[in-house]
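Right, one structure below, let's go through it.
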Amino acid sequence: MINVIEIIYLFILVVCSVAAVRMKDLLSATVVLGAYSLIMAIIWMDLNAVDVAFTEASVGAGITTVLIIAALSRTKRGESVPDVGEQRRTRKARRFKKFVLFIVTLCTFGVLVYGTMDLPDFGDPDAPARHHVADRYIEKAHEEVNVENFVTAVLASYRGYDTLGETTVIFTAGLAIMVLLRREKS
Amino acid sequence: MMFGLAALAIVISAVMVLYRGIKGPRVYDRLLAINSMGTKTVILIALIGYIYERPHFLDIALVYALINFIGTIAFLKYRETGRLD
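As given, the protein sequences belong to chains A and B, one line each in that order.
For the first sequence, position 88 matches number 87 in numbering that gives the first Met the number 0, and the numbering has no gaps at all.
For the second sequence, position 9 matches number 8 in numbering that gives the first Met the number 0, and the numbering has no gaps at all.
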């Protein structure tokens, strides 16, 4: 039963992304991308990655929609369509460009699939990622950091400098967006 | 089994809502479709919690319901005034 439901989610995901790419009205594409994020959040939830699902829903469906709409309010809502004569002239060039892009995408897809071939199975308890430092965190985190939650201990203590760097990056990005979207007082 | 059937029904109705969201002639139809998609997401998360026998997913579903409307508010403000600030 749950497998059927998962297949339907993934189908909805593909349909949403294709529709968002093909839409000419950018506001509608933004709204459809919001649906994409919601479905993606359900998939993370299904994989038991609750915190990732949270981030996906709040950032993907919430903040990204707001930011794209803010960008649209400073630019134009539709894609620009070239006039007929120019269309005829560029059609051949565009078809060639599409063909090249298709080949490049196909090659990238092949390389990515090749890269996943020697990965350990999904949920394999003997995978190297589960034994490199994870054992030490699970055994010692409570007495070393004195925090109940391992994830919090890893993020805030063992990888504290990493988290500090990430916070700096996000702070800088927020400042840049505020500067870009600021309205001049006249 | 009961929860699985309920989740299947919700997912099928999500597909129907998706049809309106993609086909919808006006952007408001799409917005309404995506809004109800968010509501279905909340219910699905609660149901998945019961299917996997982790009922505390219910709290997460509640938080989802709280953040569901942010995009809608921004969208409506943009349509009303043409800007967000």
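For glycine and all other residues, C-beta sits at the position ideal for the given N, C-alpha and C.
Note that the structure is a prediction, hence the values are computed from the model and not measured.
Asked                                                                                                                : Found
Spatial neighbours of Asn-148/A in its chain, beta-carbon cut-off 6 Å, leaving aside the 5 residues before and after : none
Short CB-CB distance (under 7 Å) between Ile-42/B and chain A                                                        : no
Residue-chain proximity (Ala-64/B, chain A), Cβ-Cβ < 7 Å                                                             : no
Beta-carbon proximity list for Asn-67/B, same chain, < 6 Å, skipping 5 on both sides                                 : Gly-37
Contacts that Ile-68/A makes with chain B (C-beta to C-beta distance below 9 Å)                                      : Gly-70, Ala-73, Phe-74, Lys-76, Tyr-77 and Leu-83
Met-0/A to Leu-4/B span [Cα, whole Å]                                                                                : 8 Å
Minimum C-alpha distance to His-62/A - residue among Ser-79/A, Leu-37/A, Trp-43/A and Ile-6/A                        : The sequence shown places Ile at residue 62/A, not His. It is Leu-37/A.
Residues within the segment 7-34 of chain B neighbouring chain A, beta-carbon criterion of under 7 Å                 : Leu-7, Val-10, Ala-13, Val-14, Leu-17, Gly-20, Ile-21, Val-26, Arg-29, Leu-30 and Ile-33
is_contact[Leu-26/A, chain C] using C-beta, thresh 7 Å                                                               : The chain inventory of the structure shown lacks chain C, comprising the protein chains A and B.
Residues that Thr-3/A contacts on chain B, provided the C-beta gap is smaller than 7 Å                               : The amino acid at residue 3/A is misidentified as Thr; the sequence shows Val. Result: Leu-7.
Pair within 7 Å by beta-carbon distance, Ile-7/A and Val-10/B                                                        : yes
Separation of Leu-57/B from Pro-124/A, as counted between CA atoms                                                   : 28 Å
Best match in Ala-69/A, Arg-76/A and Leu-111/A for proximity to Lys-76/B [C-alpha to C-alpha]                        : Ala-69/A
Interface flag, Met-44/A vs chain B, CB-CB below 7 Å                                                                 : yes
For Gly-81/B, the three-state DSSP class (helix, strand or coil)                                                     : coil
Classification of Phe-74/B by the beta-carbon crowding that lies within 10 angstroms, buried from 16 upward          : buried
Those residues which DSSP pairs with Asp-24/A across a bridge                                                        : Gly-77/A
Min CB distance Met-1/B to chain A below 7 Å                                                                         : no
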